[in-house]
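For reference, the structure discussed in these notes is given below.
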Amino acid sequence: MVATVIAISLAGLIYLVARGRPTEPAAQAPTSTGSGTAPPVTASPSPTASPSPSPSPSASPGSSRPPAAPFPPALAGQDLTVLPTTDKKVALTFDGGAGAQGLDPILRTLADEGIHATFFLTGEFARANPDAVRRIVLAGHTLGQHSMTHPHFTQLSDEQIRAELASAERAIGAAGGDPHPWFRFPYGDRDDRCVHLVNTAGYVPVRWTVDSLGWKGTSGGVTEDAIRKRVMDALRPGEIVLMHLGANPDDGSTLDATALPRVIEALKKAGYGFTTPDAYL
């Protein structure tokens with residue numbers, strides 16, 4: 070009887086070996102929960118399986134400008150009309166909203182003089198002139214934003230202001246720039262509510278000490294000498310000079326661009342150097 074049991078057991082063992090021993094279920098790759106296509110992941114992804122994050126606009130390859138500065142809490146609630154310094158330094162700033170007709174000579178003059186300036190650009194300008202944005206950044210200049218469509222901010226709702234800021238930021242970013250943390254109100258139009266909303270979005274408003282009035286053009290009675298005189302009459306440490314990139318729509322003049330060499334020469338003769346808001350964060 071014992072021999073019979075042993076014989077049966079051996080026969081069963083041989084049968085099991087022949088069929089193959091049951092194993093644990095194999096691990097399965099994740100499957101999609103709704104699209105019918107499995108997501109591109111594996112149980113052990115290699116380091117190159119997922120796409121690398123895109124570089125931020127301020128750190129784009131080839132850019133000579135460092136990443137944009139963070140919002141400085143000490144400047145909250147302000148719309149700077151002068152930089153906080155006793156040094157004999159001036160900030161040259163240029164608004165870009167309508168056109169870029171004066172950009173080439175302005176960049177050329179700044180490069181020849183070894184000066185860095187600040188450019189406040191609207192989102193519409195960046196969208197229409199992406200190459201201009203890249204050239205400004207590659208030259209090492211500071212960027213700020215000037216809203217998306219250049220409206221009067223005091224006439225906008227809170228939500229409209231936020232939309233203007235966000236849209237401009239995206240447009241400038243798409244062109245390879247980062248405007249943080251600087252902003253200039255279109256027309257200089259603002260109140261405490263507007264300043265607060267701009268601060269909340271991460272920006273410091275920068276106004277100006279003097280407007281060159283070059284935007285009025287020759288048809289408005291402005292001359293290169295008049296621009297130089299206005300800048301020099303307002304001269305003080307930390308002076309912020311407002312100029313423009315575009316041409317006057319009536320006469321096509323780009324007075325700020327043509328007057329810039331004379332303005333720089335006069336400032337240097339007065340013992341002044343040049344700076345940007347970034348230096349005072």
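Heads up: the sequence shown at position 63 corresponds to 132 in our numbering, and the numbers run straight through without jumps.
No residue lacks a Cβ here, since even glycine has one placed at the ideal position from N, Cα and C.
Since this is a predicted model, take the numbers as computed values, not measurements.
- Look at the beta carbons and you see the region 274-282 not touching the region 219-234: under three pairs across the two are nearer than 8 angstroms.
- In the structure shown, Val279 adopts extended strand secondary structure according to DSSP, grouped into three states.
- With the rule of 3 Cβ pairs closer than 8 angstroms, the region 195-205 does not count as touching the region 328-337.
- For Met301, no beta strand (DSSP E) encloses it; the enclosing alpha helix (DSSP H) starts and ends at Glu293 to Asp302.
- Ile184 carries a coil assignment under DSSP once its states are collapsed to helix, strand and coil.
- Cβ-Cβ distances below 7 angstroms link Gly271 to Phe140, His249 and Pro250 in the same chain, with the five nearest sequence neighbours on each side left out; the list follows chain order.
- If only complete runs of 4 or more residues are kept, the region 143-226 shows the alpha helix (DSSP H) at 172-182, 192-197 and 199-207, in order along the chain.
- As computed with DSSP, His313 is found in a beta bridge with Asp164.
- Under a 10 Å Cβ-count criterion, Thr155 is classified as exposed, with fewer than 16 other Cβ atoms of the shown protein chains found around its own Cβ.
- An exposed status is given to Asp294, since fewer than 16 other beta-carbon atoms sit within 10 Å of its beta-carbon.
- Assigned with DSSP and collapsed to three states, Pro139 falls in coil, not helix or strand.
- With fewer than 16 other Cβ atoms inside 10 Å of its own Cβ, Ala339 counts as exposed.
- Linking Thr162 to Leu311 through their CA atoms gives a straight-line distance of about 5 angstroms.
- Using a Cβ-Cβ distance cut-off of 8 angstroms, the region 183-196 and the region 239-248 are in contact, since at least three pairs of beta carbons, one from each stretch, lie closer than that value.
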